[in-house]
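**Student:** Each residue of the sequence shown is one higher than the one before, counting from 12 in the working numbering.
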Amino acid sequence: MQMETKVHYQNFVNWAKDKPEVLVLSADLTGSTEIDLFRDTYPERFFSMGIAEQNMLSFAGGLAREGFVPFVHTFAVFIYRRAYDQIAMSVSYPNLPVKMFGFLPGITTPGGATHQAVEDISVLRSLPNITILECGDATDVESVAEVAYRTPGPVYVRMLRGEIPRLFSPRDPMRLGSNRIISRGDDIAILTSGICTEEALRVSHAVKKRGIGVTHIHVTTLKPFNDPEVLAAIRRARLGVITMENHSVIGGLGSSAAELMAKHGVGKRLLRIGLNDTYAHGASRRYLMKEYEIDAAALVRRVEELVQAELHITEAELAEVYLAPVHSAAREEAL
């Protein structure tokens with residue numbers, strides 16, 4: 012698996028060079044959100060707002076009213092928890108093109124409950140007008156700015172930083188409302204988002220070797236959740252559906268799948284992998300994914316539950332995956 016380092020750092024500068032209306036707002040986390048090169052390259056288009064997220068979102072709404080396209084950069088948890096009212100009244104209600112890039116979603120930070128955005132999708136998808144996107148690899152990170160820019164109204168992005176795997180070809184960028192079909196099969200549909208797609212890829216080969224047909228879809232558009240390929244995969248899944256997300260099982264990808272199935276009268280089993288109505292404590296990403304059962308081994312157990320048989324898939328058989336260390340040269344800090 013190819014690894015890329017600080018993808019957003021250079022890519023965003025190149026992407027924004029011919030878009031003078033694109034501005035960046037930072038809440039005192041400039042280096043930690045890989046936007047320091049943009050600050051140095053286009054200082055007149057960069058605003059350091061300090062640790063004042065409520066003011067930053069209202070300010071972004073004002074800029075949008077004047078014809079600019081503000082890209083807000085901070086940790087995900089500080090966007091929706093600190094500034095929910097400002098997002099609702101200054102951004103969502105007037106349907107303004109403010110693009111919110113939330114870094115360290117879910118348990119990608121060891122910072123514990125104060126820094127882990129584990130309910131951001133459930134909170135923000137309840138607001139009208141907001142589009143929600145999630146990155147799962149370097150190609151997603153490279154292409155998400157263009158998708159957010161071209162999408163009318165406010166956009167919230169669950170963003171990755173530091174060392175990121177490249178799971179998809181740069182010739183297959185993120186597209187609004189069109190999710191990537193990784194494999195096709197008629198027994199089980201597996202819907203994954205964010206860092207969980209990397210985990211699911213470890214499992215799919217071993218499952219296929221046992222004669223189980225799997226349709227695996229990497230979901231990048233979480234709202235609106237209306238990709239016809241997702242519904243088609245769910246309808247085909249003879250044994251049931253598994254969702255896997257770096258988020259609470261309440262209100263995120265699993266809930267969206269359940270709502271879609273109920274709306275269309277699809278009576279299949281649905282197993283949801285995610286944080287089970289709990290906060291997470293501080294630790295490494297690898298430890299937390301295992302502790303809270305959102306890793307490859309957890310997916311194997313759910314597949315076994317659907318097929319009603321033990322598949323005898325060992326950790327050694329699962330494809331090796333690289334998980335970035337908590338501290339690395341690509342990160343200014345561990346939080």
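C-beta atoms are modelled at their ideal positions from N, C-alpha and C, and glycine is treated no differently.
All values reported here derive from a predicted model rather than from experimental measurement.
Evaluate Tyr-167 with the Cβ neighbour count: other Cβ atoms within 10 Å of its Cβ, from every protein chain shown; 16 or more gives buried, anything less gives exposed.
**Tutor:** Buried is the call here.
**Student:** Tell whether a beta-carbon distance below 9 angstroms holds between Leu-138 and Ala-99.
**Tutor:** yes
**Student:** Going residue by residue through the stretch 86-114, where are the continuous alpha helix (DSSP H) segments of at least 4 residues, counting only ones entirely within it?
**Tutor:** As summarised for the stretch 86-114, the continuous alpha helix (DSSP H) elements at least 4 residues long and confined to that stretch are 87-91, given in chain order.
**Student:** Report the residue from Gln-97, Asp-197, Ala-156 whose alpha carbon sits nearest the alpha carbon of Val-33.
**Tutor:** It is Ala-156 whose Cα lies nearest to the Cα of Val-33.
**Student:** For the alpha helix (DSSP H) containing Arg-221, list its first residue and its last residue.
**Tutor:** Taken as a continuous stretch (DSSP letters only), Arg-221 belongs to no alpha helix (DSSP H), as it is neither H nor E.
**Student:** Reducing DSSP to helix, strand and coil, say where Tyr-53 ends up.
**Tutor:** coil
**Student:** Per DSSP, which one or two residues make a beta bridge with Val-252?
**Tutor:** Looking at the DSSP assignment, Val-252 forms a beta bridge with Ala-200, Leu-281.
**Student:** Taking all protein chains shown into account, do 16 or more other C-beta atoms lie within 10 angstroms of the C-beta of Asn-25, making it buried, or fewer, making it exposed?
**Tutor:** exposed
**Student:** Looking at the unbroken alpha helix (DSSP H) that takes in Tyr-298, where does it start and where does it end?
**Tutor:** 296-302
**Student:** To the nearest angstrom, report how far apart Glu-153 and Leu-144 are at their CA atoms.
**Tutor:** 13 angstroms
**Student:** Note down the Cα distance separating Ala-71 from Arg-246, rounded to an integer number of angstroms.
**Tutor:** Their Cα atoms are separated by approximately 42 angstroms.
**Student:** Considering Leu-175, what are the terminal residues of the beta strand (DSSP E) in which it resides?
**Tutor:** According to the sequence shown, residue 175 is Ile rather than Leu. Here the beta strand (DSSP E) through Ile-175 covers 174-177.
**Student:** Going by beta carbon distance, what residues of the same chain come within less than 8 angstroms of Ser-189, once the five residues before and after it are set aside?
**Tutor:** Thr-232, Asp-238, Glu-240
**Student:** Shortest alpha-carbon distance to Leu-299 belongs to which of Met-14, Gly-117, His-19?
**Tutor:** Leu-299 has its Cα closest to that of Gly-117, out of Met-14, Gly-117, His-19.
**Student:** Here's the rule I'm using: 16 or more other beta-carbon atoms within 10 Å means buried, otherwise exposed. How should Arg-249 be labelled?
**Tutor:** The residue in question, Arg-249, is exposed, as its Cβ has fewer than 16 Cβ neighbours within 10 Å.
**Student:** Measure the Cβ-Cβ separation of Ile-324 and Val-214 and say whether it is below 9 angstroms.
**Tutor:** yes
**Student:** Report back the beta-carbon spacing between Ala-149 and Ile-175 to the nearest angstrom; my notes put them in contact at under 8 angstroms.
**Tutor:** 5 angstroms
**Student:** Closer than 6 angstroms by C-beta to Phe-58: which residues in its own chain qualify, once you throw out the five before and the five after it? Chain order, please.
**Tutor:** Leu-36
**Student:** Between which two residues does the alpha helix (DSSP H) carrying Ser-266 extend?
**Tutor:** Segment 264-274, the alpha helix (DSSP H) holding Ser-266.
**Student:** Which two residues bound the contiguous alpha helix (DSSP H) that contains Gln-13?
**Tutor:** That residue, Gln-13, is in no alpha helix (DSSP H); its beta strand (DSSP E) goes 13-16.
**Student:** Could you tell me the distance, in whole angstroms, from the CA atom of His-227 to the CA atom of Glu-64?
**Tutor:** 37 angstroms
**Student:** Considering Ser-69, what are the terminal residues of the alpha helix (DSSP H) in which it resides?
**Tutor:** 64-76
**Student:** Taking the continuous beta strand (DSSP E) assigned at Glu-145, which residues delimit it?
**Tutor:** 142-145
**Student:** Buried or exposed: Glu-326, going by 16 or more other Cβ atoms within 10 Å of its Cβ?
**Tutor:** Under this definition Glu-326 is an exposed residue.
**Student:** Within 10 angstroms of its Cβ, does Thr-120 collect 16 or more other Cβ (buried), or is it exposed?
**Tutor:** Within a 10 Å sphere around the beta-carbon of Thr-120 sit 16 or more other beta-carbons, which makes this residue buried.
**Student:** Can you tell me whether Arg-191 is buried or exposed? The criterion is at least 16 other CB atoms within 10 Å of its CB, across all chains shown.
**Tutor:** buried
**Student:** Please go through the same chain and pick out, in chain order, the residues whose beta-carbon is closer than 8 angstroms to the beta-carbon of Pro-31, but skip the five residues on each side of it.
**Tutor:** Arg-56
**Student:** So Ile-129 and His-292 are in contact, right, with Cβ under 8 angstroms, and what is the actual spacing, rounded?
**Tutor:** Ile is not the amino acid found at residue 129; the sequence shown has Val there. Not really, about 12 angstroms apart at Cβ, beyond 8 angstroms.
**Student:** Return the Cβ separation of Leu-135 and Tyr-91 in integer angstroms, given the expectation that the two are a contact with Cβ distance under 8 angstroms.
**Tutor:** 5 angstroms
**Student:** Taking just the CA atoms, how far does Thr-289 sit from Gly-123?
**Tutor:** 12 angstroms
**Student:** Relative to the alpha-carbon of Met-67, which residue among Arg-93, Glu-316, Asp-197, Glu-321 has its alpha-carbon at the smallest distance?
**Tutor:** Arg-93
**Student:** Name the residue from Cys-207, Asn-106, Ala-200, Thr-52 whose alpha carbon lies nearest to the alpha carbon of Cys-146.
**Tutor:** Cys-207
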